[in-house]
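Quick notes on the structure that follows.
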Amino acid sequence: SKLLDVPKVYVTAGDSDLDPHVLQEVGRIAASRLRGFLQSGSTLAVTGGQTIHEVAQALTIGTAMNVMVVPARGGIGRALETQANTIASEIAKRLGGHHRLMHLPDQLDERTLLELRKLSDVTETLELLQRADVVLYGIGRADDMARKRQLSADALAEVLRRGAVAEAYGCYFDAEGNVVFSASTVAHDLGKLKPNCALLAVAAGARKAAAIRAVMKSRPQAMLVTDEGAARAIIAM
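The sequence shown begins at 1204 in the working numbering and counts up by one.
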């Protein structure tokens, strides 16, 4: 918490790089803390990915909350269960709230996005995203995510040349937390988040230590949930 300047940090035992069950525990801890950041009328934005999928699966169904859940990015890849749309729907169901979908692939050129913004459901979701009170998101290594997103060889080389070590919600960050590249259709909307929006990061594994550290520097965070593998590696850095 002191090293990363994050007020609430939760660390579970183990290293998810070595034991996949550790990620389930990371998801459980994040899920148990999520409601504490929400109140009636809140808008929650969520990214996709395996880690946030684990959070969604660990959420227990309790007293229904009047919250709106929206995806914080468009579609990426082919695994439906880890898409932001699917996770937003699942979290809304478990919170007893409402959700909106993002009917956009994650990589679109600016001209196409401007055309799609003329559609009312696309505009509504993007406006809700900008008004988000809480953002729940995962963090990846820049090299891993660039390949997963199937960036061209030239784009990958440029991202790494600019010193990118981390990726979160479609943005690539260097070691100091500066955005050096944006690959998401909605990443610039996340740049317009309210100053008091609570950012909740969930990421684990020693391999992600540098990535976690970089993203924590990018803007003030409300919470980080991680594992011992990443925490020890960050301290060693």
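Beta carbons: idealized from backbone N, C-alpha and C, even for Gly.
Unbroken alpha helix (DSSP H) run spanning residue i, endpoints
i: TYR1363; result: At residue 1363 the sequence reads Leu, which differs from the Tyr that was named. Unbroken alpha helix (DSSP H) run through LEU1363: 1356-1364.
i: ALA1409; result: No alpha helix (DSSP H) holds ALA1409; DSSP gives it neither H nor E.
i: LEU1237; result: 1224-1237
i: GLY1244; result: No alpha helix (DSSP H) contains GLY1244, which DSSP labels as neither H nor E.
i: ASP1346; result: 1345-1351
i: THR1289; result: 1287-1298
i: ALA1434; result: 1431-1439
Distance between beta carbons of residue j and residue i, contact taken as under 8 angstroms
i: MET1271; j: LEU1331; result: 6 angstroms
i: MET1440; j: ALA1417; result: With 8 angstroms as the limit, MET1440 and ALA1417 do not qualify as a contact, their Cβ atoms being about 11 angstroms apart.
i: ALA1234; j: VAL1273; result: Not a contact, Cβ separation roughly 18 angstroms.
Span separating the alpha-carbon of residue i from that of residue j
i: LEU1241; j: GLY1408; result: 27 angstroms
i: ARG1238; j: VAL1258; result: 12 angstroms
i: LYS1205; j: ALA1378; result: 18 angstroms
i: LEU1449; j: ILE1437; result: In this structure the chain extends from 1204 to 1440, so residue 1449 is not present and cannot be described.
i: MET1268; j: GLU1370; result: 31 angstroms
i: MET1348; j: GLY1230; result: 20 angstroms
i: ARG1236; j: PHE1376; result: 26 angstroms
i: LYS1420; j: ARG1344; result: 15 angstroms
i: LYS1296; j: ARG1364; result: 42 angstroms
i: ARG1334; j: LEU1304; result: 15 angstroms
Start and end residues, beta strand (DSSP E) containing residue i
i: LEU1262; result: It is not in any beta strand (DSSP E) - LEU1262 carries neither H nor E in the DSSP assignment.
i: ALA1335; result: Run containing ALA1335: none; DSSP gives neither H nor E here.
Cβ of residue i within 8 angstroms of any chain C Cβ
i: THR1215; result: No chain C is present in this structure, which holds just one protein chain.
Residue environment, residue i, which counts as buried when at least 16 other CB atoms sit within 10 Å
i: HIS1224; result: exposed
i: ARG1314; result: exposed
i: THR1246; result: buried
i: ILE1290; result: buried
i: ASN1399; result: exposed
i: THR1266; result: exposed
Quick check: the region 1395-1403 against the region 1331-1349, are at least 3 beta-carbon pairs closer than 8 angstroms? The region 1331-1349 makes contact with the region 1395-1403: 3 or more CB pairs, one atom from each, lie closer than 8 angstroms.
Any contact of the region 1416-1428 with the region 1348-1357, i.e. 3+ C-beta pairs under 8 angstroms? Contact between the region 1416-1428 and the region 1348-1357 is absent, because fewer than three Cβ pairs lie under 8 angstroms.
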